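Everything on this sheet refers to the single structure shown next.
2 protein chains.
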Amino acid sequence: MTELGQKLPKPVAMPTRPRSAGCAAADCAACEVRSLTFCAGLKPEEMGRLAAIVTRLNLAARQMLFHEGDSAEFVYNVTHGAVKLYKLLPDGRRQITGFLLAGDFLGLAGKDGYSYSAETISPVELCRFPRRKLDQLFVVFPGLEHQLLGLATDELVAAQDQMLLLGRRTAAEKVASFLLRLSERGKVRGQPGNPVQLPMTRGDIADYLGLTIETVSRTLSQMRRDQLIRQRSLTEIELTAVERLADLAQG
Amino acid sequence: MTELGQKLPKPVAMPTRPRSAGCAAADCAACEVRSLTFCAGLKPEEMGRLAAIVTRLNLAARQMLFHEGDSAEFVYNVTHGAVKLYKLLPDGRRQITGFLLAGDFLGLAGKDGYSYSAETISPVELCRFPRRKLDQLFVVFPGLEHQLLGLATDELVAAQDQMLLLGRRTAAEKVASFLLRLSERGKVRGQPGNPVQLPMTRGDIADYLGLTIETVSRTLSQMRRDQLIRQRSLTEIELTAVERLADLAQG
DNA sequence: CGCACCCTTGATCCTGCTCAAAGAAAGTGG
DNA sequence: CCACTTTCTTTGAGCAGGATCAAGGGTGCG
């Protein structure tokens, strides 16, 4: 299990590992995102039961986990890498509803199946739980369902924030908010938080913020000129004036 | 209990009625929105326990239920009238995150308290449950928490739809989607669905769709000229070409 | 090295916003 | 019940933020 702590050395499309004994529990500990995962704060017995139904998966970049409308047979917990969730209009317009990083949970679905498509951005490692078996566990361990309600509520709060951003913020405010949120998420995970890592493309960012690629690019360029950020590379942005960025982002 | 079925005759700031015996269960039945409420499909025993902790409230229009950030001591179930939920930016820009009608549930909150403010649009009748007592019931009746998870999931799906609307739809598509959704919600409630009732102001609609009042008004005028709708009154719109409206709304 | 993809920048356009004014509806007080 | 005020809605004129169209530069991979 110790290999989970290491940086994955170019994990190109690794084959799915078979489920192993102490999986869920041991893995959550190993990948050091305990406080964020589905298994956070569960009792040992609950962890054991979860471990018995989990499958660990490794995926390359640009792989679909599922499509919008698919029947929701699994829920997932990301342990490494980045995933994007999105919805499409018939003519191809896309809205990304969320980026998931290590520790994040996905897969809640209404009666019409998954309400969004999920695709990996980078190579990804995740835990997959069959929804059917999870529901059986809920009967025995209501604490699991309590856990899930907490996750759903947090997601809902985030979704409402995103509505405010999409409906009422300007382009500059959107990009500033985005950078600050990514920074905060990094900190929560015990990472530096600055510089910010951007595993997604400009196009992904645009579709997340309700902008075009060009506007995202122009806004970042302007922020660079204004000394708010420094671009170490395409995927790494240093926040050089967090205070001013926060002012720009508006509360 | 029979007075619940009647139209409220100008119920100006009626005082809170004391909780009564068979409240939650009986009320849900009385207001004929059984299939939508928090109590939907619960066992008699669960209903009884809920009834014991519920308070029924009557509020006039333009009353605050709570403000964003307030500690979340209650959850609510609307039984009559309309409520709006919104978030504000420091400079006053507003995003309405949802309109609640009879049968709708509200009050889920993260650890920072309510994530939005709630204000009545029309005179409103609702059931209020103390969150603390509800949590105690969860221990005995996990089915209640299961119910809540279902509501949270539905809300999440709706929130993601709204993100797509806010981020990627044009003004005309937004307004068309809005009218169609209201119509569908009416139908689900056993109401006609056409004409559509608009208890909220143009300003509220604008802040829900991420537009200005003027754009909402102009778009409705254009739809009237295009014979897509007929405005019976300010608050009542007849959909005269649902098919074409649906095309306009884009999937 | 060459190709594909992504990113940046510029020029121009247009959707939706701002500003302004007048009409309609609804509440208020005499 | 009516005059008055306030609020909401509609419509017009002009503007601008961000989109679209277009071209060129980086970057990474085979």
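Taken in sequence, the protein lines are chains V and B.
For the first sequence, my numbering assigns the number 251 to the last residue and increments by one with no breaks.
For the second sequence, my numbering assigns the number 1251 to the last residue and increments by one with no breaks.
We put the beta carbon where it would ideally sit given N, CA and C, even for glycine.
As the structure is a computational prediction, the values presented were derived from the model and not from experiment.
What residue does the alpha helix (DSSP H) around glycine 110/V start on, and which one ends it? Numbered from 1 along the first sequence, position 110 holds the residue referred to as residue 110/V. Premise fails: glycine 110/V is in no alpha helix (DSSP H) and is neither H nor E.
In chain V, which residues lie less than 7 angstroms from threonine 1097/B when you measure between Cβ atoms? For the purposes of this step, residue 1097/B is taken as the residue at position 97 of the second sequence. By Cβ distance, chain V contributes Gln160 and Met163.
When the Cα atoms are used, what is the spatial distance from serine 1071/B to isoleucine 1229/B? The residue you call residue 1071/B lines up with position 71 of the second sequence. The residue you call residue 1229/B lines up with position 229 of the second sequence. Looking at the two C-alpha atoms, the distance is approximately 43 angstroms.
Hey, could you find the ends of the alpha helix (DSSP H) arginine 1132/B is sitting in? Taking the second sequence and counting its residues from 1, one reaches residue 1132/B at position 132. Note, arginine 1132/B: alpha helix (DSSP H), 1131-1140.
According to the neighbour-count rule (16 or more other Cβ atoms, all chains shown, within 10 Å of its Cβ), is methionine 64/V buried or exposed? Here residue 64/V is taken as the residue at index 64 of the first sequence, counted from 1. Methionine 64/V comes out exposed.
Using DSSP's beta-bridge definition, name the partner residues of isoleucine 96/V. For the purposes of this step, residue 96/V is identified with residue 96 of the first sequence, where counting begins at 1. DSSP lists Tyr86/V as partners of isoleucine 96/V.
Less than 8 angstroms separating the beta-carbons of leucine 126/V and tyrosine 76/V? Indexing the first sequence from 1 puts residue 126/V at position 126. Indexing the first sequence from 1 puts residue 76/V at position 76. It is a contact, given that the beta carbons lie within the stated cut-off.
Relative to the C-alpha of arginine 202/V, which residue among Val196/V, Gly193/V, Thr212/V and Glu184/V is closest? Mapped onto the first sequence, residue 202/V falls at position 202. For the residues Val196/V, Gly193/V, Thr212/V and Glu184/V, the minimum Cα distance to arginine 202/V belongs to Thr212/V.
Per-residue burial, histidine 1080/B [other beta carbons within 10 Å of its own, 16 or more giving buried]: Numbered from its first residue, the second sequence carries residue 1080/B at position 80. Classification for histidine 1080/B: buried.
Is the segment 120-140 of chain V close to the segment 45-54 of chain V, with three or more CB pairs under 8 angstroms? yes
If you follow the beta strand (DSSP E) that leucine 1057/B is in, where does it begin and where does it stop? By one-based count along the second sequence, residue 1057/B stands at place 57. Looking at the DSSP string, the run of the beta strand (DSSP E) that includes leucine 1057/B is 1055-1059.
Could you please tell me which residues of the segment 1179-1201 of chain B, in chain order, have their CB closer than 9 angstroms to any CB of chain V? none
Arginine 189/V - DSSP class collapsed to helix/strand/coil: Residue mapping note: residue 189/V aligns to position 189 of the first sequence, counting from 1. Correct three-state label for arginine 189/V: coil.
Please work out which residues of its chain come closer than 6 angstroms, Cβ to Cβ, to leucine 59/V, disregarding the five sequence neighbours upstream and downstream, and give them in chain order. As a first step, residue 59/V must be located in the first sequence, where it is residue number 59. Answer for leucine 59/V: Thr120 and Val124, listed in chain order.
In chain order, which continuous runs of the beta strand (DSSP E) of length 3 or greater are located wholly inside the segment 1146-1234 of chain B? 1229-1233
In angstroms, rounded to a whole number, what distance separates the CA positions of alanine 29/V and alanine 102/V? In the first sequence, the residue the question calls residue 29/V occupies position 29. In the first sequence, the residue the question calls residue 102/V occupies position 102. With a pLDDT of only 44 at alanine 29/V, under 50, the local geometry of the prediction cannot be trusted, and no value is derived from it.
Span separating the alpha-carbon of glutamate 155/V from that of leucine 1156/B: By 1-based counting over the first sequence, the position of residue 155/V is 155. By 1-based counting over the second sequence, the position of residue 1156/B is 156. Answer to the nearest angstrom: the Cα atoms are 7 angstroms apart.
Kindly say whether glutamine 250/V, judged by its beta-carbon, lies nearer than 8 angstroms to any beta-carbon of chain B. Position 250 of the first sequence, counting from 1, holds the residue named residue 250/V. True, the Cβ-Cβ gap to chain B drops below 8 angstroms.
Assign aspartate 104/V to buried or exposed, taking buried as 16 or more other Cβ atoms, counted over all protein chains shown, within 10 Å of its Cβ. Mapped onto the first sequence, residue 104/V falls at position 104. Buried, because 16 or more other Cβ atoms sit within 10 Å of the Cβ of aspartate 104/V.
Would you say proline 142/V reaches chain B, if we count a Cβ-Cβ gap shorter than 8 angstroms as a contact? Counted from its first residue, the first sequence places residue 142/V at position 142. For proline 142/V, the answer is yes, since a Cβ of chain B falls inside 8 angstroms of its Cβ.
Alpha carbon to alpha carbon, how far is valine 175/V from threonine 219/V? Give it in angstroms, no decimals. Locating residue 219/V in the first sequence gives position 219, counting from the first residue. Locating residue 175/V in the first sequence gives position 175, counting from the first residue. Using only the alpha carbons, I get a separation of about 7 angstroms.
Which one of Leu50/V, Phe74/V and Gln160/V has the shortest CA to CA distance from phenylalanine 141/V? By 1-based counting over the first sequence, the position of residue 141/V is 141. Comparing Cα-Cα distances from phenylalanine 141/V to each of Leu50/V, Phe74/V and Gln160/V, the minimum goes to Leu50/V.
Please report the straight-line C-alpha distance between valine 83/V and serine 122/V, rounded to a whole angstrom. As a position in the first sequence, residue 83/V is number 83, starting the count at 1. As a position in the first sequence, residue 122/V is number 122, starting the count at 1. About 7 angstroms.
Using the Cβ count rule (16 or more neighbours within 10 Å means buried), how would you classify threonine 97/V? Taking the first residue of the first sequence as position 1, residue 97/V is located at position 97. It counts as buried.
Tell me the rounded alpha-carbon separation between tyrosine 208/V and lysine 187/V. On the first sequence, position 208 is the one that residue 208/V refers to. On the first sequence, position 187 is the one that residue 187/V refers to. When rounded, the distance between both Cα atoms is 21 angstroms.
Report yes if the CB atom of leucine 180/V is closer than 8 angstroms to the CB atom of alanine 249/V, and no otherwise. Position 180 of the first sequence, counting from 1, holds the residue named residue 180/V. Position 249 of the first sequence, counting from 1, holds the residue named residue 249/V. Cβ distance < 8 angstroms, so leucine 180/V and alanine 249/V count as in contact.
Glutamine 157/V touches chain B at which residues, Cβ-Cβ below 7 angstroms? Translated into positions along the first sequence, residue 157/V becomes position 157. Reading off the sequence, residue 157/V comes out as valine, not glutamine. Per Cβ cutoff of 7 angstroms: Gly1110 and Ser1115.
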